[in-house]
Amino acid sequence: MLNWENVRYFLALAEVGTLSGAARLLQVEHATVARRVESLEAEVGLKLIDRRGRRFLLTADGQQVVTIARQMNDQVHAISRLSASSHADLNATVTISAPPAFAAARLAGPIAALCSKYPGLNICLLGETHYSSLERREADIAIRLTRPSVGNLAIRKLREEAFRPYASRNYLATTPREEWRFVAYDESLEAAPQQAYLLALADKRSIALRTNILEIQRALVMAGGGIAMLPDFMVEGDDATTWVSPNHAPLKREVWMAVHTDMKSAPAIRAVINEITAALDRSGATAD
Numbered sequence: 132m133l134n135w136e137n138v139r140y141f142l143a144l145a146e147v148g149t150l151s152g153a154a155r156l157l158q159v160e161h162a163t164v165a166r167r168v169e170s171l172e173a174e175v176g177l178k179l180i181d182r183r184g185r186r187f188l189l190t191a192d193g194q195q196v197v198t199i200a201r202q203m204n205d206q207v208h209a210i211s212r213l214s215a216s217s218h219a220d221l222n223a224t225v226t227i228s229a230p231p232a233f234a235a236a237r238l239a240g241p242i243a244a245l246c247s248k249y250p251g252l253n254i255c256l257l258g259e260t261h262y263s264s265l266e267r268r269e270a271d272i273a274i275r276l277t278r279p280s281v282g283n284l285a286i287r288k289l290r291e292e293a294f295r296p297y298a299s300r301n302y303l304a305t306t307p308r309e310e311w312r313f314v315a316y317d318e319s320l321e322a323a324p325q326q327a328y329l330l331a332l333a334d335k336r337s338i339a340l341r342t343n344i345l346e347i348q349r350a351l352v353m354a355g356g357g358i359a360m361l362p363d364f365m366v367e368g369d370d371a372t373t374w375v376s377p378n379h380a381p382l383k384r385e386v387w388m389a390v391h392t393d394m395k396s397a398p399a400i401r402a403v404i405n406e407i408t409a410a411l412d413r414s415g416a417t418a419d
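My numbering puts the sequence shown at residues 132 to 419.
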């Protein structure tokens, strides 16, 4: 009988192509990945990978095995979702994946209240910008600024958030318009609507600083580093920060919630969804 752990490690290596990448994905040493894959090759009696420098390529047999292994992996996760969704009480752990700044501003309060209301409910709130897999239960609920389009998901639009170019009042008072500096995302988020808005405003002026972390962008703005596209909720009540272009409409980003259809009726997940949506309804600016 095959050792499932060996299959799982082989899948990770097949996905990323390097031992170091698979090790990071699995949070183990790269030697463990190599040993597991060698064990799988011994179990099935087939050569599954060819090493080319630091990269690994699937052999013809490896390609067939990885196709079957992915199907097996999907079924394992389907069993996990079935088990989790069948629990009739709220004594469970629910993992939420959301952009860090949004999670801090919009979700922390409702989640704290929910945990007080249901002491047996545990919440894991992941502040992340990448899309965690709901199929593999890396998260149970995902909140994103882009409408999810892949997977067997139940999707709901929660609200819209306004982004505007902000700077410190002192920076604008002491810096001529032609010398404005800008704080942008790095190249990995070059396609983000906020980036396009900011680059259009900057025109040929300097992009002096780049960071993908909104909290760092805000800190740079407060320190006089330049102008950044920030959501309104990050600067509410901050009199030292001001909107740079009051005659221009803000950029509106839609906020979406997604949950796997197998999980949407699980009592614990339903309780979290209801609390989040109710809290955002109360805070205003909700959109369906």
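Note that CB positions come from ideal geometry on N, CA and C, so glycine has one too.
Item checked: Element boundaries [alpha helix (DSSP H), containing Thr163] -> In the DSSP assignment, Thr163 falls within the unbroken alpha helix (DSSP H) covering His161 to Val175.
Checklist line | Check: Leu345 C-beta below 7 Å from any heavy atom of the ligand MN | finding: This structure does not include the ligand MN; it has no bound ligands of any sort.
Next item on the list: Thinking Val390 and Ile400 are a contact (beta carbons under 8 Å), I'd like their distance in whole angstroms, please.
Entry: With a Cβ gap of about 6 Å, Val390 and Ile400 count as contacting.
Check: What did DSSP end up calling Lys383 once you bin it into helix, strand or coil?
Finding: Strand at Lys383.
Checklist line | Residue from Phe294, Thr342 and Ser151 whose Cα sits closest to the Cα of Ser376 | finding: It is Phe294.
Checklist line | Bridge-paired residues (DSSP) for Asp181 | finding: Beta-bridge pairing links Asp181 to Leu188.
Check: With which residues is Trp135 paired in a DSSP beta bridge?
Finding: Answer by DSSP bridge pairing: none, since Trp135 is not bridged.
Next item on the list: Can you give me the Cβ contacts of Val138 inside the same chain, cut-off strictly under 6 Å, excluding the 5 residues immediately before and after it?
Entry: These residues qualify, in order along the chain: Ala200.
Check: Where does Arg300 fall in DSSP's three states?
Finding: Reduced to three states, the DSSP call for Arg300 is helix.
Margin query: Going by beta-carbon coordinates alone, are Leu257 and Thr226 separated by less than 8 Å?
Written below: Yes; because the gap between Cβ atoms is below 8 Å, this pair is in contact.
Next item on the list: Find the nearest neighbour of Ile407 within the set Arg290, Asn301, Tyr302 and Leu221, judged by alpha-carbon distance.
Entry: Ranked by how close their Cα comes to the Cα of Ile407, the residues Arg290, Asn301, Tyr302 and Leu221 have Arg290 in first place.
Checklist line | Backbone CA spacing between Phe141 and Cys255 [nearest angstrom] | finding: Cα to Cα, Phe141 sits roughly 28 Å from Cys255.
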